[in-house]
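Asks:
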Amino acid sequence: MADYFQEQKQKYTLQLREILKSLPPFADEFFRGISLTTSVKTRVGYAHDLRIFFNYILDFVDGFENKTMKDITISDLDLIESEEIDRFLEYLSYYTKNDYKNSKSEQEFQNDEHGKARKLAAIRSMYKFFYKKKKVKANPAAIVDLPKIHEKAIIRLDVDEVANLLDEIESGENLSERQKKFHEKLKLRDLALVTLLLGTGMRVSECVGINLDDIDFKQNGVKVTRKGGNQVILYFGDEVREALLNYIDYRNESLVKSEDETALFLSNRGTRINVRSVQNLVKKYSQLVTSVKNITPHKLRSTYGTNLYQETGDIYLVADVLGHADVNTTRKHYADIEESRRRLASKVIKLRKD
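1166 is the number of the first residue of the sequence shown in the numbering used here; add one for each residue after it.
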């Protein structure tokens, strides 16, 4: 598993280096400065967002019209006021821009409050870094209000939908004729993968990184690498155990693969399955179960968290198993369940005996 995550880290590192070529020269100092406190994936996101910001500055802010990206200096950051950052956030609602790879192709972009908040976070981080270094006079981004985040309802599968989903994966009877051609070959893999997601609440990125030797059937545990790189053991029940054992027997005996392939879950080409493929297979089967819920691997994670909280009532346990650094993140996601539990409490207490 370590090899997989090292490969991912290397991939994002190369992406970051490529994006830095299109940013102002001082960006190198910023990204080196935050390298010890952020993941490389976070830095790639920041780099994308800052490129959008600086392109906006060049296109719309007075005094920058004759400059290129490479002409922007740290001292130029002092020319950008908070009102301009406010206007940038408004601009993000909808804009068009030439494709970076094809200058003749124009693309449309839209950002909701989540997208705007992420971009403001990148700008704030950059200004905070250079303000701390005393290379800018102020941090105008710090006084720009974050967009109001409208929390979306948590979408999850109910008990019957979970059972139906697993039944659909086993049978494949409602798949298209084209899908059925691959189903017999891959159904044990798909069933094991979805059962593991539903039975542990792990992230899809954690799931695709699992190697065969990360599973301990004596303890019914699987080692996963979490966000930030720390490794933990997640424990699973007998249903997950059975699905994994059935798949591993089939994987070892029947699936085409190279001798040194260590990945647990393989693609139909015999290589490690990727996140996009898992997203597609979850979508394929879940559409047979519900037409009104857009089910993704993350929704399977929410389903697990809901079930665990309903069974235990322990929000700290749910936060720990899901790998949330802050229990308030977990509480926010399951607030509606807590509300139901509080309502139940009002019916349990009797002040006068009948």
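Every residue gets a Cβ at the ideal spot worked out from N, C-alpha and C, and that includes glycine.
Since we're looking at a predicted model, the values are computed, not measured.
Does the beta carbon of Ser1247 come closer than 7 Å to any beta carbon on chain D?
Replies: No chain D appears in this structure, which consists of one protein chain only.
Asks: Using only alpha-carbon positions, find the residue among Arg1197, Thr1461, Tyr1469, Ile1184 that is nearest to Phe1295.
Replies: Among Arg1197, Thr1461, Tyr1469, Ile1184, the Cα nearest to that of Phe1295 is on Arg1197.
Asks: Apply the 10 Å Cβ neighbour rule to Leu1181 and answer buried if 16 or more other Cβ atoms are within range, or exposed otherwise.
Replies: Leu1181 is buried by the Cβ-count criterion.
Asks: Do three or more CB pairs link the stretch 1212–1220 to the stretch 1395–1405 at distances below 8 Å?
Replies: Touching, no, given that fewer than three Cβ pairs across the two stretches are closer than 8 Å.
Asks: With DSSP collapsed to three states, give me the class of Leu1215.
Replies: Helix, per DSSP.
Asks: Is it buried or exposed, Ser1467, if we count other Cβ atoms within 10 angstroms and call 16 or more buried?
Replies: The residue is buried, with at least 16 neighbouring Cβ atoms inside 10 Å.
Asks: Report yes if the C-beta distance between Leu1358 and Phe1430 is below 7 Å; otherwise report no.
Replies: Contact: yes.
Asks: Got a sec? Which residues, its chain only, sit under 8 Å from Ser1247 by beta carbon, not counting five neighbours each side?
Replies: Cβ within range, chain order: Pro1305, Ala1306, Ile1308, Val1309.
Asks: Which residue comes first and which comes last in the beta strand (DSSP E) that contains Asn1263?
Replies: Here the beta strand (DSSP E) through Asn1263 covers 1260–1263.
Asks: Whole alpha helix (DSSP H) runs in the stretch 1194–1246 with 4 or more residues, listed along the chain?
Replies: As far as the stretch 1194–1246 is concerned, its whole alpha helix (DSSP H) runs of at least 4 residues are 1205–1225.
Asks: Grab the span of the beta strand (DSSP E) containing Glu1273 for me, first residue to last.
Replies: Taken as a continuous stretch (DSSP letters only), the beta strand (DSSP E) holding Glu1273 covers 1271–1274.
Asks: What's the C-alpha gap between Glu1424 and Ser1370?
Replies: Going from the Cα of Glu1424 to the Cα of Ser1370 covers about 24 Å.
Asks: Have a look at Val1373 and Lys1232 and give me their C-alpha separation to the nearest angstrom.
Replies: When rounded, the distance between both Cα atoms is 44 Å.
Asks: State the Cα-Cα distance for the pair Leu1257 and Gly1337, rounded to the nearest angstrom.
Replies: Cα to Cα, Leu1257 sits roughly 43 Å from Gly1337.
Asks: If Val1492 and Tyr1474 are in contact, beta carbons under 8 Å, what's the gap, nearest whole angstrom?
Replies: That pair is no contact at about 12 Å.
Asks: Quick one, which of Val1301, Arg1283, Arg1321, Lys1262 has its alpha-carbon nearest Gly1470's?
Replies: Ranking the options by Cα distance to Gly1470, first place goes to Arg1321.
Asks: Who are the near neighbours of Leu1410 in its chain, counting only those whose CB is closer than 8 Å to its CB and skipping five residues on each side?
Replies: Excluding sequence neighbours, Leu1410 sits near Phe1382.
Asks: From Phe1170 to Lys1392, what distance separates their C-alpha atoms?
Replies: C-alpha separation (whole angstroms): 10 Å.
Asks: Go to Ile1480, then tell me how far its alpha helix (DSSP H) extends in each direction, as first and last residue.
Replies: Its alpha helix (DSSP H) spans residues 1480–1487.
Asks: In three-state terms, what does DSSP make of Asp1381?
Replies: Strand at Asp1381.
Asks: What residue range does the alpha helix (DSSP H) around Leu1563 cover?
Replies: There is no way to answer for residue 1563, as the model of the chain reaches only from 1166 to 1519.
Asks: I'd like to know whether the C-beta atoms of Leu1311 and Tyr1450 end up nearer to each other than 7 Å.
Replies: No, the pair does not count as a contact, with Cβ atoms beyond the cut-off.
Asks: Give every residue of the same chain whose Cβ lies closer than 8 Å to the Cβ of Phe1219, excluding the five residues on either side of it in the sequence, and list them in chain order.
Replies: For Phe1219, where only same-chain residues beyond five positions count, the Cβ hits under 8 Å are Leu1188, Pro1189, Met1234, Ile1237.
Asks: In angstroms, rounded to a whole number, what distance separates the CA positions of Val1327 and Lys1176?
Replies: Each residue's Cα considered, the two are about 35 Å apart.
Asks: Measuring straight from C-alpha to C-alpha, what distance separates Leu1351 and Asn1376?
Replies: Approximately 18 Å between the Cα atoms of the pair.
Asks: State the Cα-Cα distance for the pair Glu1407 and Asp1325, rounded to the nearest angstrom.
Replies: Looking at the two C-alpha atoms, the distance is approximately 21 Å.
Asks: Which two residues bound the contiguous beta strand (DSSP E) that contains Lys1388?
Replies: 1386–1390 is the span of the beta strand (DSSP E), which, as asked, contains Lys1388.
Asks: Among Phe1347, Lys1497, Ala1282, which has the Cα closest to the Cα of Leu1529?
Replies: Because the chain spans 1166 through 1519 in this model, residue 1529 falls outside it and cannot be assessed.
Asks: Which partner residues does Gln1396 have in the DSSP bridge list?
Replies: Thr1390, per the DSSP bridge assignment.
Asks: Can you name, in chain order, every residue of its own chain whose Cβ lies under 8 Å from the Cβ of Ser1442, other than the five neighbours on each side?
Replies: Hits under 8 Å: Ser1432.
Asks: Specify, as a first and last residue, the run of the alpha helix (DSSP H) that Leu1285 falls within.
Replies: Its alpha helix (DSSP H) spans residues 1278–1297.
Asks: Please name the residue or residues paired with Leu1431 in a DSSP beta bridge.
Replies: Leu1431 is bridged to Arg1437.
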